[in-house]
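Scroll down for the structure; my scribbles are underneath it.
Protein chains: 2
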Amino acid sequence: MGSTSGFAPQGAGSKALQDPAQVRQMIRKGDWTAHTSGAAQAHVQGNVVILPEAFANDFLRYCQRNPKPCPLLAVSEPGQPLLPTLGRDIDIRTDVPRYRVWREGELVEQPTDITTLWRDDLVTFVIGCSFSFEQALLEAGLPLRHVAEGRNVAMYRSNIATEAAGPFSGPMVVSMRPLRAPDAIRAIQITSRFPAVHGAPVHIGDPSLIGIADLSKPDYGDAVAVLPDELPVFWACGVTPQAAIAQARPAFCITHAPGAMLITDLFNHQLASF
Amino acid sequence: MGSTSGFAPQGAGSKALQDPAQVRQMIRKGDWTAHTSGAAQAHVQGNVVILPEAFANDFLRYCQRNPKPCPLLAVSEPGQPLLPTLGRDIDIRTDVPRYRVWREGELVEQPTDITTLWRDDLVTFVIGCSFSFEQALLEAGLPLRHVAEGRNVAMYRSNIATEAAGPFSGPMVVSMRPLRAPDAIRAIQITSRFPAVHGAPVHIGDPSLIGIADLSKPDYGDAVAVLPDELPVFWACGVTPQAAIAQARPAFCITHAPGAMLITDLFNHQLASF
């Protein structure tokens with residue numbers, strides 16, 4: 022999530038921009054360096070975390086213990102840049118529009134290709150993203166204000182602690198979408214079907230009960246209004262693992278740039294549990 | 022729902038009182054004339070409405086148009102007192118602990134047997150009851166305050182209009198259970214699996230949005246506290262059809278007395294949709 026400066030071809034509704042392999046080709050060639058919102062909308066997009074094997078086992082346990090914010094879609098073998106369970110010919114070194122490279126917890130560069138940075142000990146984690154369930158909510162006719170207003174979703178650091186594993190710990194980051202009560206109930210039903218992309222909400226109603234003092238001041242993303250007849254509905258957010266990594270300060274780490282996700286061949290509806 | 026004066030054998034936890042056929046035998050003999058809460062807990066209990074065929078078609082359409090408050094478990098042939106789809110040897114003339122007989126919308130008697138009132142044109146409707154989903158909520162470890170306090174659930178006439186059919190119309194009656202947000206989300210998931218017993222809630226949060234001015238003054242049942250960290254969660258209620266019948270004032274009608282339900286052989290878990 023978050024906006025990413027860069028170039029995305031115009032006309033995201035066109036047929037080519039809905040085909041995941043074609044979009045990845047544009048990304049690989051360097052013709053697409055911006056966020057992926059709206060691209061290949063029927064397909065699963067993923068948050069990317071790449072860590073040296075020395076950190077990977079702790080991070081894997083962190084994800085296993087915190088499946089709502091960190092639902093794992095794939096974990097690679099060490100040094101293996103391909104992700105065949107997510108799509109044909111996906112190469113994690115070239116197929117993300119923009120990366121963030123971290124050393125000792127500090128952001129050092131934001132390249133569009135990490136081929137020269139690749140190492141034989143790197144393990145790739147792909148974590149589910151709310152784009153998948155938002156697509157299901159929109160198809161069900163539920164209004165999403167941040168989508169209607171062309172904003173990024175509002176995200177907050179809650180006081181819900183994640184389960185620690187090794188150096189990885191920290192608060193759960195949550196995304197918030199305001200909904201009228203009948204739509205909130207329907208949204209709980211729909212997102213419950215998608216445990217691989219954060220699943221059901223973690224909270225509904227009074228933000229102070231999860232340590233959020235002011236909804237108008239999100240920690241990430243953009244604020245949206247909550248109307249008097251709406252409830253704020255909070256989902257676990259894929260920014261949580263990035264916050265845990267920032268806290269753990271591993272010697273080396275690569276992530277996607279916010280909003281510039283890995284586009285997979287999986288269909289969103291393939292993730293539905295029933 | 023509602024309390025019913027009458028006699029129920031002591032020791033509802035005993036094996037005999039958990040067997041639906043044995044409980045119905047006691048009811049049939051007149052040894053059980055009270056409410057059925059806690060009896061045959063694994064089994065489906067139903068609201069009962071018995072109407073002359075002249076009203077039955079309109080009432081059937083009313084139920085079809087309002088499946089959340091009026092989920093039909095069975096509809097008999099005219100004049101047929103047996104309900105074989107609900108259980109072996111069920112005779113609707115004798116197997117409800119206490120009945121209410123209505124003429125022109127007025128309650129005229131509350132017998133424990135309606136054999137002498139039976140007519141060849143009577144059609145029986147059995148409508149799902151929240152006892153079934155409450156059992157599922159309790160098994161999931163969710164706290165239900167009215168159960169813990171030994172009270173009847175709080176029920177309110179909402180401003181949600183039902184879809185009219187013939188003379189049947191009126192507001193949806195809702196039951197309210199206070200729950201903390203994570204429990205409310207879990208309760209929405211669980212009750213969504215049980216469309217035959219009212220299904221998911223119809224509202225959550227601010228009561229005034231569905232026309233309820235004061236939660237401490239229920240229209241039926243008993244008030245329970247809603248704590249500061251809880252949300253009121255509202256489900257469609259099986260009292261709705263009784264309110265529609267009271268408004269329609271049919272020449273003749275028989276219902277169960279509140280809380281003294283028909284006990285069927287169906288297991289609650291048989292009603293789960295997934």
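For the protein sequence lines, the chains are A and B, in the order given.
Using the working numbering, you'd call the opening residue of the first sequence number 22 and step up by one each time.
Using the working numbering, you'd call the opening residue of the second sequence number 22 and step up by one each time.
Even for Gly, the Cβ is constructed at its ideal location relative to N, Cα and C.
Mind checking residue i: buried by the 16 CB within 10 Å criterion, or exposed?
i         : result
Lys-89/A  : buried
Ala-75/A  : exposed
Leu-252/B : buried
Ala-278/A : buried
Thr-285/B : buried
Ser-213/B : buried
Phe-295/B : exposed
Thr-261/A : buried
Gly-100/A : exposed
Thr-25/B  : With a pLDDT of 48 at Thr-25/B, under the threshold of 50, the predicted position of this residue should be treated as unreliable, and no value is reported.
Gly-162/B : exposed
Thr-137/A : exposed
Pro-105/A : exposed
Arg-119/A : buried
Arg-114/B : buried
Pro-249/A : exposed
Met-22/B  : In this prediction, Met-22/B has a pLDDT of 41, which is less than 50 and means its spatial position is unreliable; what the coordinates show is noted afterwards. Label assigned to Met-22/B: buried.
Ala-257/A : buried
Arg-86/A  : exposed
Leu-158/B : buried
Asn-173/B : buried
Asn-289/A : buried
Ala-234/B : exposed
Val-65/B  : buried
Val-223/B : buried
Gly-126/B : exposed
Trp-237/B : Checking the sequence shown, residue 237/B turns out to be Ser, not Trp. Burial call: exposed.
Arg-124/A : exposed
Glu-130/A : exposed
Glu-98/B  : exposed
Glu-155/B : buried
Our contact map puts residue i next to residue j with C-beta atoms below 8 angstroms; I'd like the distance itself, whole angstroms only.
i         : j         : result
Pro-199/A : Arg-178/A : Not confirmed; about 19 angstroms, so no contact.
Arg-82/A  : Ala-186/A : 4 angstroms
Gln-210/B : Ile-209/A : 7 angstroms
His-167/A : Val-117/A : Not quite, the Cβ-Cβ distance comes to about 23 angstroms (not below 8 angstroms), so this is no contact.
Ala-269/A : Phe-189/A : 5 angstroms
Gly-67/A  : Leu-94/A  : 5 angstroms
Ser-151/A : Ser-196/A : 6 angstroms
Ala-202/A : Ile-225/B : 5 angstroms
Ala-55/A  : Ala-281/A : 7 angstroms
Let me make sure I understand the geometry here. Which of the options has the alpha-carbon closest to that of residue i?
i         : options                                       : result
Gln-263/A : Ile-148/A, Pro-164/A and Arg-86/A             : Ile-148/A
Leu-72/A  : Ile-266/A, Ala-293/A, Ala-60/A and Leu-107/A  : Ile-266/A
Lys-50/B  : Ala-60/B, Ala-257/B, Thr-133/B and Pro-92/B   : Thr-133/B
Gly-108/B : Gly-280/B, Ala-208/B, Gly-220/B and Gln-46/B  : Gln-46/B
Phe-80/B  : Gln-66/B, Gly-67/B and Val-96/B               : Val-96/B
Leu-292/A : Ala-77/A, Ile-113/A, Thr-57/A and His-219/A   : His-219/A
Glu-170/B : Ser-229/B, Ala-157/B and Asp-243/B            : Asp-243/B
Thr-145/A : Cys-274/A, Leu-287/A and Phe-288/A            : Cys-274/A
Val-70/A  : Gly-259/A, Leu-287/A, His-290/A and Ile-225/A : Gly-259/A
Val-122/A : Ser-58/A, Trp-139/A and Asp-110/A             : Trp-139/A
Thr-57/B  : Asp-141/B, Val-247/B, Pro-92/B and Ser-153/B  : Ser-153/B
Leu-283/B : Cys-91/B, Asp-112/B and His-224/B             : Asp-112/B
Leu-128/A : Lys-36/A, Ser-237/A and Pro-271/A             : Pro-271/A
Thr-276/A : Ile-135/A, Ala-217/A, Val-44/A and Pro-164/A  : Ile-135/A
Ile-231/B : Val-44/B, Pro-216/B and Phe-255/B             : Phe-255/B
Arg-207/A : Val-194/A, Ala-221/A and Ala-217/A            : Ala-221/A
Using a Cβ cut-off of 8 angstroms (strictly closer), state whether residue i contacts chain D.
i         : result
Pro-228/A : Of the chains in the structure shown, none is chain D; the protein chains are A and B.
What are the residues in the stretch 200-211 of chain A lying within 9 angstroms of chain B by C-beta distance?
Arg-201, Ala-202, Pro-203, Ala-205, Ile-206, Arg-207, Ile-209 and Gln-210
Return the chain-ordered ranges of every beta strand (DSSP E) run that is complete within the stretch 200-288 of chain B and spans a minimum of 3 residues.
251-257, 273-277 and 283-288
Alpha helix (DSSP H) runs wholly inside the stretch 120-146 of chain A, at least 4 long, in chain order:
With a minimum length of 4 residues, no continuous alpha helix (DSSP H) run stays inside the stretch 120-146 of chain A.
Proximal residues, the stretch 237-255 of chain B versus chain A, C-beta separation under 7 angstroms
Asp-250 and Leu-252
Let me know the alpha helix (DSSP H) ranges lying completely inside the stretch 150-187 of chain B, each 4 residues or longer, listed in chain order.
Qualifying alpha helix (DSSP H) stretches, in chain order: 152-160 and 166-169.
What residues in the stretch 213-231 of chain A have a beta carbon less than 9 angstroms from any beta carbon of chain B?
Ser-213, Ala-221, Pro-222, Val-223, His-224, Ile-225, Gly-226, Asp-227, Leu-230 and Ile-231
Which full runs of the beta strand (DSSP E) of 3+ residues lie inside the stretch 32-82 of chain A, going along the chain?
64-73
Which residues of the stretch 274-295 of chain B have a Cβ closer than 8 angstroms to any Cβ of chain A? Give them in chain order.
Phe-295
Which runs of the beta strand (DSSP E) fall wholly inside the stretch 82-110 of chain B and span at least 3 residues, in chain order?
For the stretch 82-110 of chain B, the continuous beta strand (DSSP E) assignments of 3+ residues that do not extend past its boundaries occur at 93-96, in sequence order.
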